[in-house]
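Contents: one structure, followed by commentary.
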Amino acid sequence: MTVASRIAIDGPAASGKSTIGKMVAECLGYLYFDTGVMYRAVTWASLERGIPISDEVAVTRLAQELHIDVTRPTVADRRQYTVLVDGVDVTWEIRRPEVDAAVSPVSAYPGVRAALTAQQRRIGAAGRVVMVGRDIGTVVMPDADLKVYLDAAVAERARRRYCEIIARGEPATYEDVLRGMEERDAIDSSRATAPLCAAPDAVVLDTTRLSIEGVVQVVMRLVNQAQEK
Ligand code: DC
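The C-terminal position of the sequence shown is numbered 313 in this note's numbering, with every residue numbered one higher than the one before it.
Structure representation (structure tokens):
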């Protein structure tokens, strides 16, 4: 019996990837790795250093030079992990609306993707990992043991993201969140390099009407089936 050691979970924003990925990794005792934080870290650092997001050469150089670390949570404030950029804790900074607004163009730059994909592949090669993103099953780990693509209606995804922002005590309107999400979906799905799409051999799950526990149960069943192959 082979063990499903590398699990890829892809899908659009707020489709449930992070929550489900984290829970599945905990059930299995695997590393949980959310690749979106790397694109967010590069975006945050560009904004912080005053590098225009439109300057592809400078943003790409930054992606190549930046030291991004993702560790177990170092503060008990409901974070899933701690993200360090050159040693600075940016776990919450990378969730700010300015980063949300700029991260899709940054992640569309081929040089940025090449730099970050190389790091993600090294983490994937070690196995016992649940890796979450947009191109894990298609580009980062095309030979993953199990590929899951989570989807949900955009109105439901915007509602989930809006509730998260309000729960953090930050201002937002549902309409703005919905508009931002539609814009990011369009850029992520239409970019030339590694666009958001389900791998042909991925299991596609629509989470619009499913509970978190329900999706975790389905994914764990798929993991067990993959182990029996
Ligand atoms: O999952 P997230 O919302 O934190 O992702 C942030 C952005 O990064 C999103 O616009 C798409 C991009 N991304 C990507 O292009 N490839 C990945 N593997 C992960 C995220």
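Where a beta carbon is used, it is the ideal one built from N, C-alpha and C, also for glycine.
Give the straight-line distance between the Cα atoms of residue 96 and residue 115, rounded to the nearest whole angstrom. In this structure, the alpha-carbon of residue 96 lies about 21 Å from that of residue 115.
Quick check on the DSSP output: what are the complete alpha helix (DSSP H) runs of length 4 or more inside the segment 218-281, in order along the chain? Taking only runs of at least 4 residues, the alpha helix (DSSP H) segments lying wholly in the segment 218-281 are 238-251 and 258-274.
Put residue 174 into one of helix, strand or coil per three-state DSSP. Three-state DSSP puts residue 174 in coil, outside helix and strand.
Per the DSSP calculation, residue 119 is bridged to which residue(s)? DSSP, once it has assigned bridges, lists no residue as partnering residue 119.
From the DSSP secondary-structure annotation, give me the bridge partner or partners of residue 215. 92 and 117
Three or more C-beta pairs below 8 Å linking the segment 272-287 and the segment 221-239: yes
With distances taken from CA atoms, which of 235, 290, 180 and 210 is nearest residue 261? 180
Identify whether residue 150 lies in helix, strand or coil by the three-state DSSP scheme. DSSP, read as helix, strand or coil, puts residue 150 in coil.
Whether or not the segment 245-260 and the segment 101-119 are in contact is what I'm after, with contact meaning three or more pairs of Cβ atoms, one per stretch, closer than 8 Å; do they touch? With fewer than three CB-CB distances shorter than 8 Å, the segment 101-119 does not count as touching the segment 245-260.
Among 192, 278, 200 and 295, which has the Cα closest to the Cα of residue 240? The option with the nearest alpha carbon to residue 240 is 295.
Whole-angstrom distance between residue 87 and residue 132, CA atom to CA atom: C-alpha separation (whole angstroms): 43 Å.
Should residue 191 be listed as close to the ligand DC, given that the test is whether its C-beta is under 6 Å from any heavy atom? yes
Based on Cα-Cα distance, which residue from 186, 152 and 175 lies nearest to residue 161? Among 186, 152 and 175, the Cα nearest to that of residue 161 belongs to 175.
Would you list the residues sitting across from residue 287 in a DSSP beta bridge? Under DSSP, residue 287 shares a beta bridge with 232.
Where do the N-terminal and C-terminal ends of the alpha helix (DSSP H) with residue 294 fall, by residue? Taken as a continuous stretch (DSSP letters only), residue 294 belongs to no alpha helix (DSSP H), as it is neither H nor E.
Given the structure, does residue 273 come close to the ligand DC, in the sense that its CB is under 6 Å from one of the ligand's heavy atoms? No, since every heavy atom of the ligand DC falls outside the 6 Å radius drawn around the Cβ of residue 273.
Can you tell me which residues form a DSSP beta bridge with residue 168? 153 and 173
Is residue 222 near the ligand DC, judged by its Cβ being under 6 Å from some heavy atom? no
Opening and closing residue of the alpha helix (DSSP H) in which residue 134 lies: No alpha helix (DSSP H) holds residue 134; DSSP gives it neither H nor E.
From the DSSP output, in three-state form, read off residue 105 for me. Helix, per DSSP.
Could you tell me how far apart the beta carbons of residue 307 and residue 230 are, in whole angstroms, since I believe they sit closer than 8 Å? 6 Å
Nearest chain D C-beta to residue 146 closer than 7 Å, yes or no? The chain labelled as chain D is not found in the depicted structure, where only one protein chain is given.
Residue 143 to residue 238 span [Cα, whole Å]: Rounded to whole angstroms, the gap between the alpha carbons of residue 143 and residue 238 is 29 Å.
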